[in-house]
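Student: Take a look at the following structure, please.
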Amino acid sequence: MTTIRSEEAQEALRLVHETQRQMRRLVAAGGAAYYLWLWGVIWVLGFSAEYFLGAGSTVGWIWAGLDTVGAVLSLMIGWHFGRKLRSSRGTSLGLVWLAWLVYGGLIIYFAQPQDANHLTLLIALLVMLAYVVSGVLYRSAFFVVLGVALTVLTIVGFVLFSGAFSLWMAVVGGGELILAGVYVWRAWR
Amino acid sequence: MAQINELIHQPVRLRIMSALNMLETDERVDFSTLRELLDVTDGNLATHLRRLEDAGYVQVEKTFVGRRPRTYIGITPAGRLAFEEHVRALQEILKA
């Protein structure tokens, strides 16, 4: 039977905890910072265009272009990080976002928002719902808190700053996503 | 009383098992990712994985992603039990 001194046991347990911490970050991060930066920048650009150019077909095309670029880059990020870790949770997460896309489109189509602010509110709430669900799925309190915080900020902007709601969403919404990406990048590495 | 597992106690193997124990049952980590995480060489990791695989503690799956061969590693139920018992044994030494 192996005899181990307490110092050796302590060092072994330190190794275990350190490796588990690194692995937890690897599993949890999974490119999260890149997603947050990507969509933060898209929100800043899209909502800024909406505020400065006013709602119209030009802004509609800008949003369509930004969303297409976002979707393609998101798939590339997912593919890159999916190679590191094979997981059925990754598939589940992809299905959550696919379901969100389909139901989000249907809800917006049939709800017929009254104006640009209502449309923005509806989309932002749907996106935040997906963040919260993703957080629950990945047991990540961070994404749940991020989703809830952005929901509150979106509603505050809609109620209190309706005249500059797009600018609010660009600065506060996009800004929070970018800062959340910086936090994830620094804390989970 | 939990027993120290000599095979797992070796530092690199202990770190391999610690990392793999964080995965869900159906999750597998890529060989290169595990190597970078542990900061070891290809040969070193492969040698330790072989010993753990022979003991039935890890599962090594070779597959292709596109045209490139990739190796994914997961922990077996026996490996999880052995690792958890080893950690319990270490904790009991500290408490004694």
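Residue numbers (this note's numbering), protein chains in the order written: chain A, 945 to 1133; chain B, 17 to 112.
For glycine and all other residues, C-beta sits at the position ideal for the given N, C-alpha and C.
Note that the coordinates shown come from a computational prediction; the quantities given were computed from them, not determined experimentally.
1) Taking the continuous alpha helix (DSSP H) assigned at I1067 of chain A, which residues delimit it?
2) Can you check whether the C-beta of M967 of chain A is within less than 8 Å of a C-beta belonging to chain B?
3) Tell me, to the nearest whole angstrom, how far the beta carbon of T963 of chain A is from that of R31 of chain B; I am working on the premise that it is less than 8 Å.
4) Cβ of V976 of chain A within 8 Å of Cβ of V1128 of chain A?
5) Would you check if there are 3 or more beta carbon pairs closer than 8 Å linking the stretch 20 to 39 of chain B to the stretch 1114 to 1131 of chain A?
6) Which residue wins for smallest C-alpha separation from A993 of chain A, given the options A:G1118, A:H961 and A:R1130?
7) Roughly how many whole angstroms lie between the Cα atoms of T87 of chain B and L61 of chain B?
8) Could you list which residues in chain A have their beta carbon closer than 9 Å to that of Q75 of chain B, in chain order?
9) Should S1032 of chain A be flagged as near chain B, meaning a C-beta pair shorter than 8 Å?
10) Which chain B residues sit within Cβ distance under 8 Å of L1037 of chain A?
11) Give every residue of the same chain whose Cβ lies closer than 6 Å to the Cβ of A71 of chain B, excluding the five residues on either side of it in the sequence, and list them in chain order.
12) Between A953 of chain A and chain B, is any beta-carbon pair separated by less than 8 Å?
Tutor: Per the coordinate set shown:
1) Here residue 1067 of chain A refers to the residue found at position 123 when the first sequence is read from its first residue. Note, I1067 of chain A: alpha helix (DSSP H), A1060 to L1081.
2) Counted from its first residue, the first sequence places residue 967 of chain A at position 23. Yes, contact with chain B.
3) Position 19 of the first sequence holds residue 963 of chain A. Position 15 of the second sequence holds residue 31 of chain B. Going by Cβ atoms, the distance from T963 of chain A to R31 of chain B rounds to 4 Å, so yes, they are a contact pair.
4) Here residue 976 of chain A is taken as the residue at index 32 of the first sequence, counted from 1. Here residue 1128 of chain A is taken as the residue at index 184 of the first sequence, counted from 1. As written in the sequence, residue 976 of chain A is Ala, which differs from the Val given in the question. Yes; because the gap between Cβ atoms is below 8 Å, this pair is in contact.
5) Inter-segment contact for the stretch 20 to 39 of chain B and the stretch 1114 to 1131 of chain A is absent: fewer than three beta-carbon pairs are separated by less than 8 Å.
6) One-based indexing of the first sequence puts residue 993 of chain A at position 49. Checked all of A:G1118, A:H961 and A:R1130; the closest Cα to A993 of chain A is A:G1118.
7) The residue labelled residue 87 of chain B in the question sits at position 71 within the second sequence. The residue labelled residue 61 of chain B in the question sits at position 45 within the second sequence. Their backbone Cα atoms lie some 12 Å apart in a straight line.
8) By one-based count along the second sequence, residue 75 of chain B stands at place 59. Residues of chain A passing the Cβ test: none, with the nearest at roughly 12 Å.
9) Position 88 of the first sequence, counted from the first residue, corresponds to residue 1032 of chain A. Yes, its Cβ sits closer than 8 Å to a Cβ of chain B.
10) Numbered from 1 along the first sequence, position 93 holds the residue referred to as residue 1037 of chain A. In chain order: nothing, as chain B lies at least about 13 Å away.
11) The residue you call residue 71 of chain B lines up with position 55 of the second sequence. Taken in chain order, the residues that qualify are L23.
12) Locating residue 953 of chain A in the first sequence gives position 9, counting from the first residue. It does; some Cβ of chain B falls within 8 Å.
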